[in-house]
Structure formats: C-alpha cells, structure tokens
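Below: the structure, in structure tokens.
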Amino acid sequence: MTLRAVKGMNDILPDEIGRWHALETVLRRTFELAGYREIRTPVLEPTELFVRSIGEATEIVEKQMFILKREEESLALRPEGTAGVARAYVASALHNREPVSRLYYLGPMFRAERPQRGRYRQFWQAGVEIYGDPGPGCDAELIDMLVRMLTGLGLQNLRVLVNSLGGADTRARYRDALAAYLRPKAAELSEHARRRLEDNPLRILDSKNPQDQAAVAGAPSILELLTPEDRAHFDGVTRGLTALGTPFEVSPGLVRGLDYYTRTLFEIQTSGAEIGSQNALLGGGRYDAMVKELGGPDVPAIGFALGLERVLLALPAVAPAREARCFVAPLGERAQVEALLVVRELREAGIPAEADTRGGSLKSLLRRADGTGSRLCVVLGDDEIERGAVTLKDLVARAQVEVPRAELVLRAREALASAPPAGSSDA
RNA sequence: GUGGCUGUAGCUCAGUGGUAGAGCGCCGGACUGUGGCUCCGGCUGUCGCGGGUUCGAUCCCCGUCAGUCACCCCA
Numbered sequence: 088m089t090l091r092a093v094k095g096m097n098d099i100l101p102d103e104i105g106r107w108h109a110l111e112t113v114l115r116r117t118f119e120l121a122g123y124r125e126i127r128t129p130v131l132e133p134t135e136l137f138v139r140s141i142g143e144a145t146e147i148v149e150k151q152m153f154i155l156k157r158e159e160e161s162l163a164l165r166p167e168g169t170a171g172v173a174r175a176y177v178a179s180a181l182h183n184r185e186p187v188s189r190l191y192y193l194g195p196m197f198r199a200e201r202p203q204r205g206r207y208r209q210f211w212q213a214g215v216e217i218y219g220d221p222g223p224g225c226d227a228e229l230i231d232m233l234v235r236m237l238t239g240l241g242l243q244n245l246r247v248l249v250n251s252l253g254g255a256d257t258r259a260r261y262r263d264a265l266a267a268y269l270r271p272k273a274a275e276l277s278e279h280a281r282r283r284l285e286d287n288p289l290r291i292l293d294s295k296n297p298q299d300q301a302a303v304a305g306a307p308s309i310l311e312l313l314t315p316e317d318r319a320h321f322d323g324v325t326r327g328l329t330a331l332g333t334p335f336e337v338s339p340g341l342v343r344g345l346d347y348y349t350r351t352l353f354e355i356q357t358s359g360a361e362i363g364s365q366n367a368l369l370g371g372g373r374y375d376a377m378v379k380e381l382g383g384p385d386v387p388a389i390g391f392a393l394g395l396e397r398v399l400l401a402l403p404a405v406a407p408a409r410e411a412r413c414f415v416a417p418l419g420e421r422a423q424v425e426a427l428l429v430v431r432e433l434r435e436a437g438i439p440a441e442a443d444t445r446g447g448s449l450k451s452l453l454r455r456a457d458g459t460g461s462r463l464c465v466v467l468g469d470d471e472i473e474r475g476a477v478t479l480k481d482l483v484a485r486a487q488v489e490v491p492r493a494e495l496v497l498r499a500r501e502a503l504a505s506a507p508p509a510g511s512s513d514a
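Going letter by letter, the first sequence gives residues 88 to 514 in my numbering.
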C-alpha cells in the first residue's frame, strides 16, 4: 500500500510554485508598503489559547481543531492566525515598545473540515493585525488596501461586505432580539437552524437554505441596536470608504464564526465557477476585547485573513514565461567536461545555468533545453572547442551566434538583458 | 459532520462479464550538429483499495479510501 498525503492536505509541486511565489510577493509588498512588519509564530499553540480567543461554542473550536496530547499538555495546530499573534503581542509586551503595532503573517493553518474545492485541511493564510488604533480611519484604510490589492492582482466581480456587530453587550441584546423574532417561526426553519436558535442564532442570518432566508428576511437588523458610539464608529468606516472611492455594501446579515469580533466586520467575496461555493477570499474585523481577555492591556485591534488557495483559484491561469536561464548542450566527451566548467562560470556570474549530462543527439538536447523553459542555450561541440568558441542560441528568438569562449558570460548577460520578443511566454 | 456524483496511462477521457483504448504529453526516427510544425514508429496502467457473486470481474454487489458538488463551515 503506497503512502498518501493526509486527507485534505496537498503537495504544492514545482509546476505550481511560481504562482504561489508571485502571490506571496504581492502580499508582502502590499503589507510592507503600508507599514506592516512580518511576525512568525508557532504552528502549535496551547489548545486553551484558541478556546479562549475564538470561543468555546464555535464550530472551529468544537469540531475542527487538530489536537495533540503530549503528557499533560493539550496542544492544537493553529486553525487561524489571529490568536497566536495576539498571544505573542501580549507575551512580548509589544504595546510597551510602540503605541501602534502593525503586523503581518503568512503561513499554513489547519482545520479538520471535509475537504472541498477551496477548502482544505491544511491551507495557507496571510493576514495583518493592527494593535492600538481604535479606528474607524484605520478600518477604512485596511479595507481599501485589500480591495486595491485584489483588483491589482486581476480579480474581478468582487463584493465587499461590511457590517458592525457593536460591542459585546450589543451583540447579546441582538442575539436575544433575533431569537425572540425567530422563535415563533421555528417551524419554518431548517432543522439545522432550529438547533442554532438557542446556541448561536446569528448564524441563521447567513444560512444558504431558502427556508431560513425567507424566515430571516423580516428580522431586525443589528445596526438598529448599535449604541450611539458604535453607530458613530460604523458611520466613520463607511464615510471613509466612500471618501476613498472603495465600493462596498452594508450587509447586516454578515456574521463570522469566530466569537472575538466586535464592531467592524468585513468580507470580500468573488463569484465565478473556478472558486466554487467557498467564495470568501478574505474576511476580518475588529476584536477590541481580545488582547485584554488574553491577559494583556486594554488595546483595540483589527485584522483580516486571506486564503491563498482561494485567491489562486480565482486568479486566471497564466502561461509560464521563459525564464532567464541558460541550458548548456554538450556534444561528445570533451564537451561534457567543458560544459561543467561553463555552467560553473555562468552561475558564478549570477546566471542560472544547467548542463545536460545525459548525452544524445543535438535534436534531443534542444528539446530538453525547451523543456527546461530556459531562454538561452549554449551549444558546445568539438567544432566549437577547436575554435575556442561556443554557440549561443536564443531559444525564444530562434537565432544563434558563435561567440568566443572568453566572452560567453558577457554575451549571455546581454542576451538576457534584452526584452524577450513578443509571444515568448508560450514555452 | 450530512447527502449526491466520480475514481481506467503523466493529463483529459472512451470502453467491455473473457485481464484495455484514443487524444495530448513523453521517447526515437524522417533531418548522421539545430528545438516548437508535419509524417512515421515506440514506451507507460497494481482499471483507487479490500471483500463478495461468477468458470472468469476493470465492468455486477458490499465496504473502504480519495476527489468533487450541495449543505454545513469559513479564508
């Protein structure tokens, strides 16, 4: 029996890694331009951390964590990034070093859900956390940055949903009001929603079941119950977004499955067949009470997390481009040895290079050169060696010149510096 | 976690109760030192895995695993 990867956990093969690198580069660049600095925290944390921050009654904590027992300890693979960063923020007393901390992270998260397109048991998230800024200006700035980043990546059909949950007391009042509204309609609800009625009625709001949607249609909106302070905060967010020209929809039905959110809540979705029903590309919001609950100072915070796999699914596939690399094709035994010297010389000059060591006809060597996606090929046979020269081929332009051996690095560099001709991407 | 569908070559898929095929890809040749086109030839499969029915199973039945769709959940 051959060994397989764990269910819902995927290998990322070299053919796909270019897209990952490209996305990661955009993420890091976007965050760093906006003043965020990277933080890396452990993949394994005390289970208690997630219970306390995400919430005991959430689906994630109840059913989806991978838990390791080791002696007396209970450890969990992180199901999301915010809790660990908050723990690190408190533990290292970052609030004493700077009034506002802008942090970002990028790494794998783990949830034991049933795998589906866009939903895996190990998946990658990137996110930021801002500590010490109560908003609402920074809320609007964050959402605007994200919309611009996704648009810049080439994503279309984005929906930006914004809501406010108010503070903990508002949330409790709304929970009661919603339950009171729905209880007489219990018979119209789906079985699942009926169970939710008492433990987490907010979740019924974003049910995809048509019965539930109908029942919820006339329900009170949480926005009506906001305190004047919460209301002013939310108005500040929407005013900021409007001023920035960021499109958004106020969506009172937007709720999230993590208990720590307060006030601002947002989600960016995309439509399109590629992504399937897991259409939330990123989500986030404010969690002003969490730092204090974890034993830190009373510092407000906001953050978001983006699913890398989902963004990659939503992004149009791009044909791989020819890379600025050089393939060395030796013909015959003398050339074999010479080829090794040539690649060493090219590499030392900073030009990625590989030599064929398997031999064969020039035809098959050139096919291999194509196969590597290289832009350049050096052909090296007895003829060239006699003349102290090499043949330098541009695989894209399909042109070649014989150059003195001593000038190879110089000429290769020139060839790579020139823009590849149009149509070069179809490797 | 619940329900449905699917699982055959590296990829996309066809197929039959008598142990398999196509296209693409890959390799070679036509072209003895010139690649993407054309033509010709060739290789590759525990028919997802385990059990059952049968003289015989890739095909029928059961189970299981994986993927996928919807729900659920969420990024």
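Glycine included, every Cβ here is placed at the ideal spot set by N, Cα and C.
Exercise for review: Give a yes or no on contact between the stretch 273-293 and the stretch 393-413, applying the rule of three or more CB pairs nearer than 8 angstroms.
Suggested key: no
Rounded to the nearest angstrom, how far is the Cβ of Glu132 from that of Arg165, given a contact under 8 angstroms? As a working note, residue 132 is residue 45 in the first sequence. As a working note, residue 165 is residue 78 in the first sequence. With a contact defined as Cβ atoms closer than 8 angstroms, Glu132 and Arg165 qualify at about 6 angstroms.
Determine the closest residue to Lys480 out of Val415, Ile104 and Tyr207, with distance taken between C-alpha atoms.
In the first sequence, counting from the first residue as 1, residue 480 sits at position 393. It is Val415.
Exercise. Inspect the beta-carbon positions of Gly219 and Val378 and report whether they are closer than 7 angstroms.
Key: The sequence position of residue 219 within the first sequence is 132, counting from 1. The sequence position of residue 378 within the first sequence is 291, counting from 1. Contact flag unset, no.
Between Ser512 and Leu503, what straight-line distance do the alpha-carbon atoms span, to the nearest angstrom? Position 425 of the first sequence, counted from the start, is the residue given in the question as residue 512. Position 416 of the first sequence, counted from the start, is the residue given in the question as residue 503. Note that Ser512 has pLDDT 42, beneath the 50 cutoff, so the model's placement of it is unreliable and the number below is only indicative. So the alpha carbons of these two residues sit roughly 15 angstroms apart.
Exercise. Relative to the alpha-carbon of Glu167, which residue among Ser140, Ala180, Glu160 and Arg373 has its alpha-carbon at the smallest distance?
Worked result: Translated into positions along the first sequence, residue 167 becomes position 80. When each option's Cα is compared against that of Glu167, the closest is Ser140.
**Item:** Proximity winner among Arg290, Gly458, Ser308 and Pro221, relative to Tyr261 (alpha-carbon distances)
**Value:** Position 174 of the first sequence holds residue 261. It is Ser308 whose Cα lies nearest to the Cα of Tyr261.
- Could you check what DSSP says for Phe118 in three-state terms: helix, strand or coil? Here residue 118 is taken as the residue at index 31 of the first sequence, counted from 1. Of the three classes helix, strand and coil, the one that applies to Phe118 here is helix, per DSSP.
How far does the alpha helix (DSSP H) with Pro315 in it extend, from its first residue to its last?
In the first sequence, the residue the question calls residue 315 occupies position 228. Start and end: Pro315 to Leu331.
Q | Euclidean distance between Cα positions of Arg485 and Gln209 | A | Locating residue 485 in the first sequence gives position 398, where the first residue counts as 1. Locating residue 209 in the first sequence gives position 122, where the first residue counts as 1. If you take the alpha carbons of Arg485 and Gln209, they lie about 44 angstroms apart.
**Prompt:** Given that a residue counts as buried once 16 or more other Cβ atoms are within 10 Å of its Cβ, and exposed if not, what is Leu449?
**Reply:** Residue numbering aside, residue 449 sits at position 362 when the first sequence is read from its first letter. Exposed is the call here.
Taking Cβ to Cβ, would you say Ala306 is nearer than 7 angstroms to Leu276?
The residue given as residue 306 occupies position 219 in the first sequence. The residue given as residue 276 occupies position 189 in the first sequence. The answer is no: Cβ separation not under 7 angstroms.
Should Arg258 and Leu252 be called a contact, given that it needs their Cβ atoms to be closer than 7 angstroms?
Taking the first residue of the first sequence as 1, we reach residue 258 at position 171. Taking the first residue of the first sequence as 1, we reach residue 252 at position 165. Against a cut-off of 7 angstroms, the Cβ pair of Leu252 and Arg258 comes out as a contact.
### Query
Would you call the stretch 228-248 and the stretch 102-119 in contact, with 3 or more CB pairs under 8 angstroms?
yes
Quiz item: Should Thr134 and Ser161 be called a contact, given that it needs their Cβ atoms to be closer than 7 angstroms?
Solution: As a position in the first sequence, residue 134 is number 47, starting the count at 1. As a position in the first sequence, residue 161 is number 74, starting the count at 1. Their beta carbons are under 7 angstroms apart, which means Thr134 touches Ser161 by this criterion.
**Prompt:** Three-state secondary structure (DSSP) at Gln243?
**Reply:** Taking the first sequence and counting its residues from 1, one reaches residue 243 at position 156. In the structure shown, Gln243 sits in coil (DSSP, three-state: anything other than H, G, I, E or B).
### Task
Assign Pro223 to one of two classes, buried (16 or more other C-beta atoms within 10 Å of its C-beta) or exposed (fewer than that).
For the purposes of this step, residue 223 is taken as residue 136 along the first sequence, with counting starting at 1. Result: buried.
TODO: Could you have a look at Val342 and say whether DSSP puts it in helix, strand or coil?
DONE: Stepping through the first sequence from its first residue, residue 342 is reached at position 255. The DSSP-derived three-state label of Val342 is coil.
Residues sharing a beta bridge with Ala124, DSSP:
As a working note, residue 124 is residue 37 in the first sequence. First, the amino acid is wrong: residue 124 is Arg here, not Ala. Looking at the DSSP assignment, Arg124 forms a beta bridge with Leu190.
Name the two residues that bound the continuous alpha helix (DSSP H) containing Gln423.
For the purposes of this step, residue 423 is taken as residue 336 along the first sequence, with counting starting at 1. Here the alpha helix (DSSP H) through Gln423 covers Glu420 to Glu435.
Straight-line Cα distance separating Asp457 from Val172
In the first sequence, counting from the first residue as 1, residue 172 sits at position 85. In the first sequence, counting from the first residue as 1, residue 457 sits at position 370. Cα to Cα, Val172 sits roughly 45 angstroms from Asp457.
Worksheet item: Can you name the start and end residues of the beta strand (DSSP E) that Tyr218 belongs to?
Response: By one-based count along the first sequence, residue 218 stands at place 131. Counting along the chain, the beta strand (DSSP E) containing Tyr218 begins and ends at Gln209 to Tyr218.
Where the alpha helix (DSSP H) containing Lys150 begins and where it ends: To locate residue 150, count along the first sequence from 1; it is residue 63. Glu146 to Lys150 is the extent of the alpha helix (DSSP H) around Lys150.
Inset, instruction - Tell me where the beta strand (DSSP E) around Asp481 begins and ends. - result: In the first sequence, residue 481 corresponds to position 394, counting from 1. Ala476 to Asp481 is the extent of the beta strand (DSSP E) around Asp481.
Can you tell me whether Pro417 is buried or exposed? The criterion is at least 16 other CB atoms within 10 Å of its CB, across all chains shown. The sequence position of residue 417 within the first sequence is 330, counting from 1. So Pro417 counts as buried.
Q.
What does the alpha-carbon distance come out to for the pair Leu497 and Gly437?
A. The residue labelled residue 497 in the question sits at position 410 within the first sequence. The residue labelled residue 437 in the question sits at position 350 within the first sequence. Taking the straight line joining both Cα atoms gives about 11 angstroms.
| task | Over the uninterrupted alpha helix (DSSP H) stretch that includes Leu310, give me the two end residues. | result | Here residue 310 refers to the residue found at position 223 of the first sequence. Per DSSP, Leu310 belongs to no alpha helix (DSSP H) and is neither H nor E.
Please determine, among Leu393, Glu380 and Leu400, the residue with the shortest C-alpha to C-alpha distance to Arg174.
Locating residue 174 in the first sequence gives position 87, counting from the first residue. Comparing Cα-Cα distances from Arg174 to each of Leu393, Glu380 and Leu400, the minimum goes to Glu380.
Quiz item: Are the beta-carbon atoms of Gln151 and Ala392 separated by less than 7 angstroms?
Solution: By 1-based counting over the first sequence, the position of residue 151 is 64. By 1-based counting over the first sequence, the position of residue 392 is 305. No. Outside cutoff.
(request) Output yes or no for whether 7 angstroms exceeds the beta carbon distance between Thr169 and Gly344. (result) On the first sequence, residue 169 is found 82 positions in, with the first residue counted as 1. On the first sequence, residue 344 is found 257 positions in, with the first residue counted as 1. No, Cβ-Cβ distance for Thr169 and Gly344 is not below 7 angstroms.
Notebook entry, point to check: Hey, how far is the Cα of Leu193 from the Cα of Ile126?
Noted result: Counted from its first residue, the first sequence places residue 193 at position 106. Counted from its first residue, the first sequence places residue 126 at position 39. The alpha-carbon separation between Leu193 and Ile126 amounts to approximately 8 angstroms.
Could you check if His320 is buried or exposed, using at least 16 other CB atoms within 10 Å of its CB as the buried criterion?
Stepping through the first sequence from its first residue, residue 320 is reached at position 233. It counts as buried.
By alpha-carbon positions, which one of Phe353, Leu395 and Gly419 ends up nearest to Ile515?
Look at the range of the chain in this structure, 88 to 514, and you will see that residue 515 is not part of it.
message = What does the Cβ neighbour count give for Asp98, buried or exposed, with the cut at 16 atoms within 10 Å?
response = For the purposes of this step, residue 98 is identified with residue 11 of the first sequence, where counting begins at 1. Classification of Asp98: exposed, given that the 10 Å Cβ count is below 16.
Top-ranked residue by Cα proximity to Arg235, from Glu501, Leu328, Tyr123 and Leu428
The count along the first sequence starts at 1 and reaches residue 235 at position 148. Considering only alpha carbons, the answer is Leu328.
*CA-CA distance, Leu90 and Gln356?*
For the purposes of this step, residue 90 is taken as the residue at position 3 of the first sequence. For the purposes of this step, residue 356 is taken as the residue at position 269 of the first sequence. Taking the straight line joining both Cα atoms gives about 36 angstroms.
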